[in-house]
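Colleague: Can you keep this structure in mind? I'll have questions shortly.
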Amino acid sequence: MTAIQAVSIPDYQERTDPKPHTVYQIVVVLNLLEERRSGLETYLRAIVSAKDDQWREAVAFKQFLGIPIGKSQAPAPNPTHFSLMTWLDEHREIQSRLRDVRADINAREAFATQGDVNSSHKSNVAAKQKLAG
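Below, the structure is given as structure tokens:
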């Protein structure tokens, strides 16, 4: 439910087209976003400052804040969530795969230039398989 903080009509215009009428400018100020932000901030501060660390150590809380989780309590890896190290590993793997694909494409071109259709086709298939993963 949306909380309306204020409604005002700061201006109006008298118009003659298509027939005489009045157009009002209505401003509605909603306070929902600020309320939710401040409520979430209060909630998170209460968790962080609590004496009992039960909620601070919860996996869901750490994931929400983006805090790295130790391997002993880590859930199954999420392929869409990258940390600095997993991103670097993924980047290296992709670079390596691209080098292999380029090598296969270059081999395909070399075989095609030599007229070796069978080897050219094999290199092309190998490149496509490496792209598919």
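The sequence shown begins at 5 in my numbering and counts up by one. Cβ atoms here follow ideal geometry from the backbone N, Cα and C, with glycine treated the same way.
Can you tell me the Cα-Cα spacing of Val32 and Ser42, whole angstroms?
Modeller: If you take the alpha carbons of Val32 and Ser42, they lie about 21 Å apart.
Colleague: Does the Cβ of Asp127 have 16 or more other Cβ atoms within 10 Å, making it buried, or fewer, making it exposed?
Modeller: Correcting the residue identity first, residue 127 is Ser in this sequence and not Asp. The residue is buried, with at least 16 neighbouring Cβ atoms inside 10 Å.
Colleague: What are the partner residues of Asp15, as DSSP defines its beta bridges?
Modeller: For Asp15, which the question treats as bridged, DSSP gives the partners Gln29.
Colleague: Could you spell out the range, first to last residue, of the alpha helix (DSSP H) harbouring Glu97?
Modeller: Glu97 -> alpha helix (DSSP H) spans Leu88 to Gln118.
Colleague: Compute the distance between the beta-carbons of Ala136 and Ile109, then report whether it is under 8 Å.
Modeller: Result no, Cβ atoms of Ala136 and Ile109 do not sit closer than 8 Å.
Colleague: Name the one or two DSSP bridge partners that Ile8 has.
Modeller: According to DSSP, which records beta bridges pairwise, Ile8 is partnered with Leu34.
Colleague: By how many angstroms is the C-alpha of Tyr28 removed from the C-alpha of Ile20?
Modeller: A small correction: the amino acid at residue 20 is Thr; Ile does not occupy that position in the sequence shown. About 14 Å.
Colleague: Can you tell me where the alpha helix (DSSP H) holding Gln58 begins and where it ends?
Modeller: Taken as a continuous stretch (DSSP letters only), Gln58 belongs to no alpha helix (DSSP H), as it is neither H nor E.
Colleague: Given that a residue counts as buried once 16 or more other Cβ atoms are within 10 Å of its Cβ, and exposed if not, what is Arg112?
Modeller: Looking at its Cβ environment, which holds 16 or more other Cβ atoms inside 10 Å, Arg112 is buried.
Colleague: How is Ala70 classed by DSSP in three states: helix, strand or coil?
Modeller: The sequence given here has Gly at residue 70, not Ala. Residue state, collapsed to three classes: coil.
Colleague: Are the CB atoms of Ile30 and Ile51 nearer to each other than 8 Å?
Modeller: Against a cut-off of 8 Å, the Cβ pair of Ile51 and Ile30 comes out as no contact.
Colleague: Distance check for Ile73 and Lys66, CA to CA, integer angstroms please.
Modeller: For Lys66 and Ile73, the distance between alpha carbons rounds to 7 Å.
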